[in-house]
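Just so you know, the sequences run in chain order A and B. Heads up, the first sequence is in this note's numbering, so the first residue is 1 and it goes up one at a time. Heads up, the second sequence is in this note's numbering, so the first residue is 107 and it goes up one at a time. Here the structure comes first, spelled out in structure tokens, and everything after it is commentary.
Number of protein chains: 2
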Amino acid sequence: MDNLFDGIPAEIPAEILEVLLEAKNFRLERIVSRGQATPPGEWYDQDSHEWVVLLAGGAGLRFEGESDPKELHPGDFLLIPAHCRHRVEWTDPAQPTVWLALHYQP
Amino acid sequence: MDNLFDGIPAEIPAEILEVLLEAKNFRLERIVSRGQATPPGEWYDQDSHEWVVLLAGGAGLRFEGESDPKELHPGDFLLIPAHCRHRVEWTDPAQPTVWLALHYQP
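Given below as structure tokens:
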């Protein structure tokens with residue numbers, strides 16, 4: 001049986017993105033980061049909706065037009081609507097941050 | 107922000123099923139149980155595929171034709187194909203067991 005917290009290397013020089021499941025209309029990914037953030041000045045602007053849950057570690061997620069990032073702890077989830085510009089301001093440098101992201105078409 | 111581990115009552119007399127997200131072709135649920143199991147002799151036989159991950163607690167999941175249940179720990183995930191008969195033999199009676207289940211059409 002597979003486990004979401006297995007196969008995480010000690011060193012994570014870049015965000016690790018793995019597709020767990022893909023079907024008509026959606027794609028489920030595991031994302032692992034450790035200290036990574038969206039490069040300064042860059043924003044994600046996606047054609048699909050993204051439902052995301054943080055399962056380990058911690059992160060700061062900022063939406064355009066909001067001054068402060070939302071701080072995510074394990075279990076926190078939210079929906080990022082298509083074309084809602086956002087960025088990851090920070091992820092915990094001291095431990096892996098594990099996310100599940102479900103991308104789907106509007 | 108919502109959290110998968112919030113809103114869990116101290117007493118769980120019956121499995122709690124909550125739809126988190128529903129879109130064309132899939133439905134995402136949070137399931138919380140505490141000691142519940144599939145009634146003796148009963149099997150789930152579903153028209154849709156189910157990708158499931160256990161996030162807290164523990165459970166025994168048995169597939170028809172297999173003598174022993176698979177023991178699931180936090181982070182364990184697997185795909186239950188449509189019409190693959192299965193049952194939950196047990197869930198941890200000492201703490202809530204929290205699952206995410208993603209049902210989708212073949």
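Even for Gly, the Cβ is constructed at its ideal location relative to N, Cα and C. Being a predicted model, the structure only gives us computed values, none of them experimental.
Neighbour list for residue i in chain A, Cβ cutoff strictly below 8 angstroms
i               : result
aspartate 108/B : Asp76, Phe77, Leu78
Sub-8 angstroms separation of residue i and residue j beta-carbons
i               : j               : result
glutamate 170/B : histidine 192/B : yes
arginine 62/A   : glutamate 89/A  : yes
histidine 209/B : leucine 185/B   : no
proline 180/B   : leucine 206/B   : no
asparagine 25/A : alanine 188/B   : no
Chain B residues whose Cβ lies nearer than 8 angstroms to that of residue i
i               : result
tryptophan 51/A : Leu126, Leu127, Leu134
Residue i - partner residues in DSSP beta bridges
i                : result
aspartate 76/A   : Asn109/B
isoleucine 122/B : Val138/B
leucine 161/B    : Paired residues: none, contrary to the question.
arginine 193/B   : Arg168/B
glutamate 22/A   : Arg27/A
glutamate 156/B  : Ile186/B, His209/B
Contacts that residue i makes with chain A (C-beta to C-beta distance below 9 angstroms)
i             : result
leucine 208/B : Leu21, Phe26, Leu28, Leu102
Helix, strand or coil at residue i [DSSP, three-state]
i                : result
threonine 144/B  : coil
histidine 103/A  : strand
arginine 133/B   : strand
tryptophan 149/B : coil
glycine 166/B    : strand
glutamate 71/A   : strand
Below-8 angstroms beta-carbon distance, residue i vs any chain C residue
i                : result
tryptophan 196/B : Although the question refers to chain C, the structure presented lacks it and instead comprises the protein chains A and B.
Checklist entry - Can you list, in chain order, the residues of the stretch 135 to 169 of chain B whose Cβ is nearer than 8 angstroms to any Cβ on chain A? => result For the stretch 135 to 169 of chain B, which is checked against every Cβ of chain A, the residues closer than 8 angstroms are His155, Trp157, Val159, Leu161.
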